[in-house]
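For reference, the structure discussed in these notes is given below.
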Amino acid sequence: MSVETIYKVILYPFINESLASLKAMTNLTGTAGEAFMDNVDDFRFKGYAVCSEVTGNLDGVIMMHHYPETAISIGNSVCQSMFDETYAHQEMTDDLRNALAEWGNTIVGRSTDLHSRYSLEYGFSSPYFVEDLSEMDKFLKGVQEVVTVPITIEGVGRYYFNLLVRSVDYSEGGIKREESVSIENPHSKTLAKDSRILLVDDSAMIRKALTRFLAKLGYNNVVEADDGNGAVDLVKSDPPDFIFMDVVMDKLNGDKALAEIRHLGSDVPIVMLSSVTDQLLVKSCQAQGISGFIFKPIHTTNGTETIARYLKVAN
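Counting in the UniProt record's numbering, the sequence shown runs from 1 upward without gaps.
Now the structure itself:
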């Protein structure tokens with residue numbers, strides 16, 4: 001099993017998406033180094049990691065991890081890009097954790113969707129986050145090989161992609177990058193400024209950013225829910241005039257909440273947001289009646305303009 005094969009089939013989409021998302025969400029530029037086989041016995045966790053379990057033809061863990069100072073710098077840059085404010089934290093904070101979580105979710109969501117389009121028979125768990133050095137042993141249990149790719153960020157430092165392989169059984173295949181195109185709102189009548197807008201996302205950072213984008217457009221009657229259940233409850237109790245809703249959430253996903261809202265008989269305009277660009281999911285949401293689908297990331301340079309394009313309710 002060659003490093004080239006593993007890199008091309010498994011790691012390449014993750015690295016491509018991380019570099020693209022780094023540029024889009026932080027305005028930083030990164031370059032990927034050469035893939036190499038790490039020594040399992042010498043492998044060490046560097047401080048902060050976004051992890052996703054790999055199943056199917058490969059059993060292992062894909063890990064994007066950083067030295068603490070690199071993680072803090074990236075987190076500050078994500079926040080600054082999202083909110084157009086200066087962030088200069090010197091240690092990890094909840095804001096930075098949320099920023100890194102959103103960055104990691106975007107990368108994993110878009111990368112795993114690309115894998116699924118090519119029927120490569122790999123599954124990936126939802127990303128989770130680790131910043132405790134004592135947890136490293138459990139990741140290395142049963143690992144036979146470690147493939148590492150360093151990513152150098154201009155003026156900042158490095159982070160790393162690692163594929164920790166327990167076992168693998170696959171034939172070589174190719175990957176190409178495929179761009180995703182958002183589904184636009186087909187309506188032309190702009191939503192009234194006093195309309196009540198519901199934001200549904202399990203990321204407090206995204207809700208905060210959307211609230212700011214809306215305020216810049218003159219929309220200040222905003223309510224929030226952090227999962228699909230909360231959205232359904234609000235539609236029942238105090239129906240909003242418009243909804244922006246994430247797809248992948250901890251409790252009830254947005255596509256399921258959309259189905260429940262339509263089952264209630266509500267025709268409230270709903271725009272979906274997600275880093276997962278699965279076309280089957282998009283088509284399923286379209287079939288249930290949505291007013292557009294925004295593919296993340298959105299940030300301060302495009303957020304207000306993007307949101308404005310979707311605030312339409314009728315022809």
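Backbone N, C-alpha and C define an ideal beta-carbon position, used for all residues, glycine too.
Could you tell me the alpha carbon to alpha carbon distance between residue 15 and residue 127, rounded to whole angstroms? Reading the sequence shown from its first residue, position 15 is the one you call residue 15. Reading the sequence shown from its first residue, position 127 is the one you call residue 127. Approximately 15 Å, taken between the alpha carbons.
Should residue 215 go down as buried or exposed, given a rule of 16 or more other Cβ atoms within 10 Å for buried? Your numbering for residue 215 matches position 215 in the sequence shown. Result: exposed.
Less than 9 Å between the C-beta atoms of residue 154 and residue 31, yes or no? As a first step, residue 154 must be located in the sequence shown, where it is residue number 154. As a first step, residue 31 must be located in the sequence shown, where it is residue number 31. In contact: residue 154 and residue 31 (Cβ atoms closer than 9 Å).
For residue 310, which option in 70, 269, 157 has the closest C-alpha, if you only look at C-alpha atoms? If you number the sequence shown from 1, residue 310 lands on position 310. Residue 310 has its Cα closest to that of 269, out of 70, 269, 157.
Neighbour-count burial assignment, residue 173, 16 or more Cβ in a 10 Å radius: Position 173 of the sequence shown, counting from 1, holds the residue named residue 173. Any reading at residue 173 must be qualified, since the residue scores a pLDDT of 43, below 50, and its modelled position is unreliable; the value itself is stated next. It is exposed - the Cβ of residue 173 has fewer than 16 other Cβ atoms within 10 Å.
On a CA-only basis, which of 53, 162, 233, 82 is nearest residue 12? Give me that one, please. In the sequence shown, counting from the first residue as 1, residue 12 sits at position 12. The residue with the shortest Cα to Cα distance from residue 12 is 162.
Quick one, which of 52, 99, 98 has its alpha-carbon nearest residue 111's? The count along the sequence shown starts at 1 and reaches residue 111 at position 111. Cα-wise, what sits closest to residue 111 is 52.
Given residue 297 as reference, the closest of 150, 246, 236, 234 once Cα atoms are compared: Within the sequence shown, the letter at position 297 stands for residue 297. Nearest of 150, 246, 236, 234 to residue 297, Cα basis: 246.
Roughly how many whole angstroms lie between the Cα atoms of residue 325 and residue 82? No statement about residue 325 is possible, as the shown extent of the chain runs from 1 to 315 and does not include it.
What span of residues does the beta strand (DSSP E) with residue 124 cover, start to end? Here residue 124 corresponds to residue number 124 of the sequence shown, with the count starting at 1. It spans 122–124 - the beta strand (DSSP E) in which residue 124 sits, taken as one unbroken run.
Could you give the DSSP three-state label for residue 53: helix, strand or coil? Numbered from its first residue, the sequence shown carries residue 53 at position 53. Three-state result, residue 53: strand.
Is the distance from the Cβ of residue 64 to the Cβ of residue 104 below 9 Å? As a first step, residue 64 must be located in the sequence shown, where it is residue number 64. As a first step, residue 104 must be located in the sequence shown, where it is residue number 104. A contact, by the Cβ cut-off of 9 Å.
Give the secondary structure of residue 134 by DSSP, where H, G and I count as helix, E and B as strand, and everything else as coil. Walking along the sequence shown from the start, residue 134 turns up at place 134. Residue 134: helix per DSSP, three-state reduction.
How many angstroms separate the CA atom of residue 24 from the CA atom of residue 264? Within the sequence shown, the letter at position 24 stands for residue 24. Within the sequence shown, the letter at position 264 stands for residue 264. Distance between the alpha carbons of residue 24 and residue 264: 38 Å.
By the three-class DSSP mapping on this structure, what secondary structure does residue 93 have? To locate residue 93, count along the sequence shown from 1; it is residue 93. Looking at residue 93 - three-state DSSP - the assignment turns out to be coil, as it is neither helix nor strand.
Count the C-beta pairs between the region 221–235 and the region 182–192 that are closer than 8 Å, then say yes if the count reaches three, no if not. no
For a test of the three-state rule: what should DSSP assign to residue 269, helix, strand or coil? The residue labelled residue 269 in the question sits at position 269 within the sequence shown. Coil at residue 269, not helix or strand.
Does residue 134 pass the burial test, meaning 16 or more other C-beta atoms within 10 Å, or should it be called exposed? Taking the sequence shown and counting its residues from 1, the one referred to as residue 134 is at position 134. It counts as exposed.
Which class does residue 12 belong to by DSSP, given the choice of helix, strand or coil? Along the sequence shown, one-based indexing puts residue 12 at 12. In this structure, residue 12 counts as helix in the three-state DSSP scheme.
Going by the beta-carbon positions, is the gap between residue 144 and residue 125 smaller than 9 Å? Within the sequence shown, numbered from 1, the residue matching residue 144 stands at position 144. Within the sequence shown, numbered from 1, the residue matching residue 125 stands at position 125. In this structure, residue 125 does not lie closer than 9 Å to residue 144 by Cβ.
According to DSSP, residue 30 sits in a beta bridge with which residue or residues? Within the sequence shown, residue 30 is the residue found at index 30, counting from 1. The partner list for residue 30 (beta bridge, DSSP) reads 153.
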